[in-house]
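**Student:** Handing you this structure, nothing more for now.
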Amino acid sequence: MITNRRLGLAAIAAALTLPAFAAQAAPPTIGYIYVGPEKDFGYNTSMDVGRQFVQKNLPGTKTLHVENIPETAEVEKVMERMIRSGARIIFATSYGYLDYAISLGKKYPKVAFLHAGGLKTGANVGTYWANSDDAMYLAGMAAGAVSKSGKLGFIGAFPIPQVVRSINAFTLGAQSVNPQVTTTVVWTGGWLLPPKEAEAANSLIDAGIDVIGGQVDSPMTYAQTAEKRGVHVVGKDVDVSHLAPKAVLTGASWNWGPMMLKLVKEIEAGTWKPSHVRGDMKDGTVVLDKFGPAVPEAARKTILAKKEEILANKFKVWAGPLTTQDGKPLLAAGAPMPMEQLESMQFFVKGVIGTVK
Amino acid sequence: MSSVDIVLAGLLVSALRSAAPLLLALLGECLTQRVGRINLGLEGQMLVGAVAGYATVAATGSPWLGLAGGAVAGALLSTVFGWLTVAAGANAFASGLAVWMLGLGLSAYLGTAFVGVRIEGFPLWIGGLTPTVALALVLVPLTALWLFRTRSGLRWRAVGESEHSARALGIVPWRVALSGIVVGGLFSGLGGAALSIDITRTWAEGMTAGRGLVAVGLVIVARWNPWLCLPAALLFGLGEALALRLQAADSAVAAHLLHMLPYAVSLLVFTLTCASLRRDPRSGGAPAGLRAVFER
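Line order of the protein sequences matches chains Y and G.
Quick note on numbering: the first sequence equals residues 20 to 376 in the working numbering.
Quick note on numbering: the second sequence equals residues 23 to 318 in the working numbering.
See the structure below:
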C-alpha cells in the first residue's frame, strides 16, 4: 500500500515535471483537415497523399480526415470532434485555420497542432511548409524560354503571401531568360472555381499571353483550357501533364509525406518543439515536374544547371538586387531576404502587372 | 494591345461561354415555374448532370453522348423533387433544398473516380465558340415558340395560372406539373454537362458554385419569358467576363469588388424590373399559380 502510494506520488511528481509531449507508447491517432475535396487533384490531394504516406510508414497509426471544412469557426468544432475521437496530433492544412488552431491549442495543451504555412506558433502549435519558390523560379525559366510574345499570365486564387511569392518567383525566373518578360495576374477569388479558372485563362490568352502559370486548388482546368487553345502552362501542386500533354511545360509539385512523417515521429518521441519547419527542393518536399515536349533542349540544360546551383546553395531566388513593381529598390545586391518578410510578402516585383488587393 | 483592346478582345464570346450553361438551366427553371412550381434543387441537378456527362464522355469518348447523359441524370434527379412536391404534396422549398443537397452529395461521391481524368471535349469553332453555346442559343426560340405558340405550351401555361381552371378544361394538372419539373431537370442537367464537358473540361466537386441558384433568381429578371432568358443570362455572363478581363487589362479596381460584378449587375436589373412592375403590375409575367407555392 505504502509503495503504491509512493508510486502514485512519484507518478504525479513526474507528470508535473514532464514536458507536455512525453514519449508515447501506443501508435497515435492523427487528424487531417482539408479546406476542399480530398480528391481535388491539387493542393488537398497533395496533403492527403502525405497522410497516406504517414499511415503506411507508421504501422498501427490511425488517421482521421475530414474534407470541405471552411476557414471559419466550423474548423474548431471539427478539431474538437477529432480530439474527442482520440486524435493526439492535428494537421490543419489550410492557411485560414491558423487562429483556430492557436486558440484550441490553449484549450488542449496535450494535443499537437501542425499548421500549413502559418507564421504564428503556440506552446503546442507548430507550422510546416515548403518553399516552392525555387521550383517556381525554374518553371518560370521554362515559361520565359518558350514564350514568343514575352507576355506571361498567372491565375491566382487570393492575394495571400504564398501565392504572391509564387508569382514573383515565376516572374524572376522568366526574366532571367528574357529580361523583357511581364506577368499579368488575374485573381479568381476562390480556391476551386473551374468555370472562372477556364474564363480567366481565356481572357489571358485573348490578351496575347502564351504561357500561363497558376496557383489555385488544382491546375487541371486552366491547363486543359490552354491545351484547347494551343498555348502553354506551368503547373502547381500536382503534375497534370497527362491532362494537357502539349500545354504543360513543367511545374512545382508537393511531396509532403516525408516531412509529415518526421514531425509525427518527433512528437511521438517527445523531442518536438513547436517551430516553423520549412522544406524545399533540396529535401524533396518540393519537386520540379518533368519537362513537356515544348521546352527546347537548350532551355532544359540551362534550367537543370540552375537547379544544381540552387541545390548546391550557390544561387538564391530571394536575394538582391530586387525592385518592386513600381520601381522602388527592395533589396541591395547580394542581400538575402529575411524569412518573415518572405512569408508575409504583399508586393509584386518589377514586371508583374496586377494588384495585390 | 491597349487596355481597352484587351478588355474587348473576345468579350462577347467570353460572355456567351460563361452564360451558356446558366442559360440552359435558366430556360429549364423558367418552364418549371411556368407550370407553377419553384425548384431550388436546380443546383444539385446541374451537379449531377455535370458528373454524369463527364463520366459518359470518359466511357464513350463522345461529348454529344455526354450531353445526353447529363440531361438524363438531371431529369432523373428532378423526379425526386416531382415526387416530393406533386405526389407527396411536400413543401416546395424544403424539397428543393433536399434535392440540392442530395445532388451535391451524390455527385461528389460518384465523381471521385473522375477527378483528373482526361476527356476529349468538343473542338473549338471559329471565334472560340462551341456547340453547347450554339445549342443554348437555339433552345431559346424553340422553348419560347413552343410555350407561346403551341397547344401543349398553352396547356402548361394554363396549369401555371390556375390548376382549378385547367382541371375544368380537362387537363390533368399533376401530369403537366410533373412534366414541367422533369423538363426543367433535363435542361439543368444539360447545363451542368455543358459546364463540365465543354466549358471547363473538368469535373470538380461543387463546380457549379451557385450557378443553379442564380438561375432560379434570374427567372424573375427574365419575367418568366424564355425570350428574356437570353439577355438575363448574358448579363450575368458579361459581368463575369468583365470581372476577369478588367484584371487582365490591369484595371486598378480591387479584384474582390470585380467578383461582385455579375451579382451586382443582376441585382440592378432585378431592382429596375421590380420598379417597373410597381407601375404596371401586369407586365411582370409571373404565373398566378406560382403564389400557391408560398402557401403550400
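We treat Cβ as the ideally placed atom computed from N, Cα and C, and that holds for glycine.
1. What's the gap between the Cα of G175/G and the Cα of A42/G?
2. Whose Cβ in chain Y lies nearer than 7 Å to the Cβ of V137/G?
3. Measuring only the C-alpha atoms, how far is G127/G from V375/Y?
4. Is R233/G helix, strand or coil when you go by DSSP?
5. DSSP on G27/Y, reduced to helix/strand/coil?
6. Do the CB positions of L119/G and L62/G come within less than 7 Å of each other?
7. Could you tell me whether the Cβ atoms of G55/Y and W210/Y are closer together than 7 Å?
8. Per DSSP, Y51/Y is paired with what?
9. What residues of chain Y sit near E262/G, judged by a beta carbon separation below 9 Å?
10. CA-CA distance, G211/G and G234/G?
11. In whole angstroms, what is the alpha-carbon distance linking D345/Y and K369/Y?
12. Assign L280/G to buried or exposed, taking buried as 16 or more other Cβ atoms, counted over all protein chains shown, within 10 Å of its Cβ.
13. At the level of alpha carbons, what is the spacing between G353/Y and T321/Y?
14. According to DSSP, simplified to helix, strand and coil, what is P163/G?
15. Scan the segment 202-229 of chain G for residues whose Cβ lies nearer than 7 Å to a Cβ of chain Y and list them as they occur along the chain.
16. Check whether chain G comes within 7 Å of Q243/Y, counting only Cβ atoms and requiring the distance to be less than that.
17. Using a C-beta to C-beta distance shorter than 7 Å, which residues of chain G count as neighbours of G373/Y?
18. Suppose the cutoff is 6 Å on Cβ atoms and the five residues either side in sequence are ignored; what does the same chain contact list for E262/G look like?
19. Is A133/Y helix, strand or coil when you go by DSSP?
20. Hey, A276/G and S25/G: beta-carbon distance below 7 Å or not?
21. Compare the C-beta of T152/G against all C-beta atoms of chain Y and say whether one is closer than 7 Å.
22. Starting from the beta carbon of V205/Y, find every residue of chain G whose beta carbon is closer than 7 Å, and list them in chain order.
23. Which bits of chain C does H84/Y rub up against, with CB to CB less than 9 Å?
24. Just how far apart, CA to CA, sit I186/Y and A130/G?
25. Does DSSP classify W275/Y as helix, strand or coil?
26. Would you report the Cα separation of R25/Y and V97/Y, rounded to the nearest angstrom?
27. Quick one: does N221/Y have its CB under 7 Å from some CB of chain G?
28. CB-CB under 7 Å to E246/Y, same chain, minus the five flanking residues each way: which ones, in chain order?
29. Please look up how many angstroms separate the CB atoms of G124/Y and G141/Y, rounded, as I've assumed it's under 8 Å.
30. Mind checking who W148/Y pairs with in its DSSP beta bridge?
31. Can you check DSSP and say which residues form a bridge with T269/Y?
32. What's the gap between the Cα of T304/Y and the Cα of W273/Y?
33. Three Cβ pairs or more, each shorter than 8 Å: is that satisfied between the segment 77-86 of chain G and the segment 96-109 of chain G?
34. Can the beta-carbon of G307/G be found closer than 7 Å to that of G50/G?
35. Please report how far the alpha carbon of G254/Y lies from the alpha carbon of K335/Y, in whole angstroms.
36. Three-state secondary structure (DSSP) at W178/G?
**Tutor:** According to the structure shown:
1. Looking at the backbone, the Cα of G175/G and that of A42/G are separated by about 24 Å.
2. K58, D59, F60
3. A direct Cα-Cα distance of roughly 35 Å separates G127/G from V375/Y.
4. The answer is helix: DSSP assigns R233/G an H, G or I state.
5. Any reading at G27/Y needs caution, since the residue's pLDDT is 48, under 50, leaving its predicted position unreliable; the model's value is listed next. The answer is helix: DSSP assigns G27/Y an H, G or I state.
6. yes
7. yes
8. H84/Y, F110/Y
9. Those are P214, K215, E218, listed as they occur along chain Y.
10. 10 Å
11. Between D345/Y and K369/Y, the C-alpha separation is close to 7 Å.
12. buried
13. 22 Å
14. helix
15. L217, I221, T222, R223, T224, A226, E227, M229
16. yes
17. Q269, D272
18. The residues are S40, P284.
19. Looking at the sequence itself, residue 133/Y is Leu, so the reference to Ala does not match. In the structure shown, L133/Y sits in a strand (DSSP, three-state: E or B).
20. no
21. no
22. L266, Q269, A270
23. Checking the listed chains, one finds no chain C in this structure; the protein chains it contains are Y and G.
24. In a straight line, the C-alpha of I186/Y is about 31 Å away from that of A130/G.
25. coil
26. At R25/Y the pLDDT is 46, less than 50, meaning the model places this residue with poor confidence and gives no usable figure here.
27. yes
28. A263, K265, A266
29. Indeed, because the Cβ distance is near 4 Å, the residues count as touching under 8 Å.
30. R297/Y.
31. Residue pairing for T269/Y: DSSP places it in a beta bridge opposite V253/Y.
32. 6 Å
33. no
34. No, they are not a contact pair.
35. 22 Å
36. Three-state DSSP puts W178/G in a helix.
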